[in-house]
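Chemist: Residue numbers (full-length UniProt numbering), protein chains in the order written: chain A, 1 to 206; chain B, 1 to 206. Glycine is no exception: its CB is placed at the ideal position from the N, C-alpha and C atoms.
Protein chains: 2
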Amino acid sequence: MEFSSKLLENAVQEMSQLPGIGKRTALRLVLHLLKQPEERVEMLSNALLQLKRDVNFCQKCHNISDTEICEICASPKRDETLVCVVEDIRDVMAIENTSQYNGLYHVLGGKISPMEGVGPQDLNIPSLVQRVKNGSVKELIFALSSTMEGDTTNFYIYRQLEGLEVTTSTIARGISVGDELEYADEVTLGRSILNRVPFESSIKAD
Amino acid sequence: MEFSSKLLENAVQEMSQLPGIGKRTALRLVLHLLKQPEERVEMLSNALLQLKRDVNFCQKCHNISDTEICEICASPKRDETLVCVVEDIRDVMAIENTSQYNGLYHVLGGKISPMEGVGPQDLNIPSLVQRVKNGSVKELIFALSSTMEGDTTNFYIYRQLEGLEVTTSTIARGISVGDELEYADEVTLGRSILNRVPFESSIKAD
Numbered sequence: 001m002e003f004s005s006k007l008l009e010n011a012v013q014e015m016s017q018l019p020g021i022g023k024r025t026a027l028r029l030v031l032h033l034l035k036q037p038e039e040r041v042e043m044l045s046n047a048l049l050q051l052k053r054d055v056n057f058c059q060k061c062h063n064i065s066d067t068e069i070c071e072i073c074a075s076p077k078r079d080e081t082l083v084c085v086v087e088d089i090r091d092v093m094a095i096e097n098t099s100q101y102n103g104l105y106h107v108l109g110g111k112i113s114p115m116e117g118v119g120p121q122d123l124n125i126p127s128l129v130q131r132v133k134n135g136s137v138k139e140l141i142f143a144l145s146s147t148m149e150g151d152t153t154n155f156y157i158y159r160q161l162e163g164l165e166v167t168t169s170t171i172a173r174g175i176s177v178g179d180e181l182e183y184a185d186e187v188t189l190g191r192s193i194l195n196r197v198p199f200e201s202s203i204k205a206d
Numbered sequence: 001m002e003f004s005s006k007l008l009e010n011a012v013q014e015m016s017q018l019p020g021i022g023k024r025t026a027l028r029l030v031l032h033l034l035k036q037p038e039e040r041v042e043m044l045s046n047a048l049l050q051l052k053r054d055v056n057f058c059q060k061c062h063n064i065s066d067t068e069i070c071e072i073c074a075s076p077k078r079d080e081t082l083v084c085v086v087e088d089i090r091d092v093m094a095i096e097n098t099s100q101y102n103g104l105y106h107v108l109g110g111k112i113s114p115m116e117g118v119g120p121q122d123l124n125i126p127s128l129v130q131r132v133k134n135g136s137v138k139e140l141i142f143a144l145s146s147t148m149e150g151d152t153t154n155f156y157i158y159r160q161l162e163g164l165e166v167t168t169s170t171i172a173r174g175i176s177v178g179d180e181l182e183y184a185d186e187v188t189l190g191r192s193i194l195n196r197v198p199f200e201s202s203i204k205a206d
């Protein structure tokens, strides 16, 4: 792609570093911004910079928060004995959206992935083990994605907890509510038969 | 979408103002930026701000340029008697990419679109008429998209040029090179039969 201006090329180049944004999309976005008033561009730039500079992570669960301890961890209505282990804050938002969970979270910040150079030391695992050692946590719910990396991470944490008094569970895998069986993949369908639940409890869940 | 941080919400909000970027994509992009070193975020912010503040449009053709007159307009190798009228600078880049055109451009900055509140006064039409009046332009090539708005804009300019000595043409519409006839839409196929070209000239074009 040949640009008639270095400034334009530079802006497109920076924009196209974002995941899923190619050169063409970046150019479209940059030209859109060019048509906006200067204060709009300033607002976008400042919002990104301010977030990066002043972002704070909850000291307890590592969720993004404007306060030292996030609202969820600080709430007296939450069940402190339950901790749900998730990959990133989008998972916290997704689970919060269901209004079905009343415990706390622990945001790992990723999954163990040798391919991407992410080892256990890059994740918030020591602080999780410390939380369990402190004694108030009775159950850890693993809610990582069920990929090789997710399973590895679950297992690594599980081994770190050996000898500590804590129950571990993982979220249920199965056919999505409303899905047709014929379109489900075999692994999911197989697991959902192995891990079948008593009919009475499936009624209660709704 | 509920956010655990105002800073995060603000950044996502600003990001999702971009065309084609929804809230979820915006969140993904913002979380990606959060994982980057601060200087990367600064580079993106600065590139956008700098472009917006220091952007310069060529005084002749309104293409984005770092100099008063863009490289294309300033080049002595270009045919000054030919001017291709396009909607925005992406069209200039697309045509330049073909290496088939040796004339100059005129970037209108949009199309006449009453639906979107864009009238002739919002486009670079007076300066185009002035260029023709100045005398060196012999042919205008309309290369706007063949939509209602594009056709309206072509026709508006055409009327503005009445009485001036200039040839007008539009780029050829037809079946894309390599396309199967059976999948072509009827309007395009119909036009491509009406506007058929002598076989000899089609050989030369390749």
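To be precise: take each residue of the stretch 6-21 of chain A, compare its Cβ to all Cβ atoms of chain B, and keep it if any distance is under 8 Å. Which residues remain?
Modeler: Lys-6, Leu-7, Leu-8, Asn-10, Ala-11, Gln-13, Glu-14, Met-15, Gln-17, Leu-18, Pro-19, Gly-20, Ile-21
Chemist: Exposed or buried, what is Phe-142(B) when buried is set at 16 or more other beta-carbons lying within 10 Å of its beta-carbon?
Modeler: buried
Chemist: Can you name, in chain order, every residue of its own chain whose Cβ lies under 8 Å from the Cβ of Ile-125(A), other than the five neighbours on each side?
Modeler: Leu-108, Tyr-156, Ile-157, Gln-160
Chemist: Chain A beta carbons: is any one of them nearer than 9 Å to that of Met-115(B)?
Modeler: no
Chemist: Between which two residues does the alpha helix (DSSP H) holding Cys-73(B) run?
Modeler: 71-74
Chemist: Using alpha carbons as the reference points, say which of Val-129(A), Gly-110(A), Val-166(A) lies closest to Gly-150(A).
Modeler: Gly-110(A)
Chemist: In the DSSP assignment, find the alpha helix (DSSP H) that holds Leu-34(A) and state where it starts and stops.
Modeler: Taken as a continuous stretch (DSSP letters only), the alpha helix (DSSP H) holding Leu-34(A) covers 23-35.
Chemist: Counting only runs that start and end within the UniProt domain "Toprim" (81-176) of chain A, where is the alpha helix (DSSP H) found for 4 or more residues in a row?
Modeler: 89-98, 126-134, 148-160
Chemist: Which residues in chain A have a C-beta closer than 7 Å to the C-beta of Asn-63(B)? List them in chain order.
Modeler: Ser-4
Chemist: My output table needs one value for Phe-57(B): the three-state DSSP class, helix, strand or coil.
Modeler: strand
Chemist: What residue does the alpha helix (DSSP H) around Thr-67(B) start on, and which one ends it?
Modeler: For Thr-67(B), there is no enclosing alpha helix (DSSP H), as DSSP gives it neither H nor E.
Chemist: Hey, Leu-44(B) and Ala-11(B): beta-carbon distance below 9 Å or not?
Modeler: no
Chemist: Which partner residues of Asp-185(A) appear in the DSSP bridge assignment?
Modeler: Answer is none; Asp-185(A) lacks a bridge partner.
Chemist: From Ser-4(A), Leu-189(A), Arg-78(A), Asn-46(A), pick the residue whose C-alpha is nearest to that of Ile-95(B); which is it?
Modeler: Ser-4(A)
Chemist: From the DSSP output, read off the bridge partner residues of Asp-179(B).
Modeler: Paired residues: none, contrary to the question.
Chemist: Quick one, which of Pro-114(A), Gly-103(A), Gly-163(A), Leu-144(A) has its alpha-carbon nearest Val-137(A)'s?
Modeler: When each option's Cα is compared against that of Val-137(A), the closest is Gly-103(A).
Chemist: Count the other CB atoms, across all protein chains shown, that sit within 10 Å of the CB of Arg-131(B); report buried if there are 16 or more and exposed otherwise.
Modeler: buried
Chemist: Give me, in chain order, the residues of the same chain whose beta-carbon lies closer than 7 Å to that of Pro-120(B); leave out the 5 immediate sequence neighbours on both sides.
Modeler: Taken in chain order, the residues that qualify are Ile-112, Tyr-156.
Chemist: Is Ile-72(B) close to chain A, meaning its C-beta is less than 9 Å from at least one C-beta of that chain?
Modeler: yes
Chemist: Is the Cβ of Leu-49(A) closer than 9 Å to any Cβ of chain B?
Modeler: It does: the Cβ of Leu-49(A) has a partner Cβ on chain B nearer than 9 Å.
Chemist: Have a look at Ala-184(A), Thr-81(A), Gln-17(A), Leu-194(A) and flag the residue whose alpha-carbon is nearest the alpha-carbon of Asn-134(A).
Modeler: Thr-81(A)
Chemist: Ignore the nearest five residues each way along the sequence and tell me which others in Cys-70(B)'s own chain have a CB closer than 7 Å to its CB.
Modeler: Cys-58, Cys-61, Asn-63
Chemist: Considering only C-alpha positions, which residue in the set Ser-99(A), Thr-147(A), Thr-153(A), Gln-100(A) is nearest to Leu-128(A)?
Modeler: Thr-153(A)
Chemist: Considering only their Cβ atoms, is the gap separating Gly-22(A) from Leu-29(B) smaller than 9 Å?
Modeler: no
Chemist: Can you tell me the Cα-Cα spacing of Arg-78(B) and Leu-31(A), whole angstroms?
Modeler: 26 Å
Chemist: So if I threshold CB-CB distances at 8 Å, which residues from the UniProt domain "Toprim" (81-176) of chain B count as touching chain A?
Modeler: Asp-88, Ile-89, Arg-90, Val-92, Met-93, Glu-96, Asn-97
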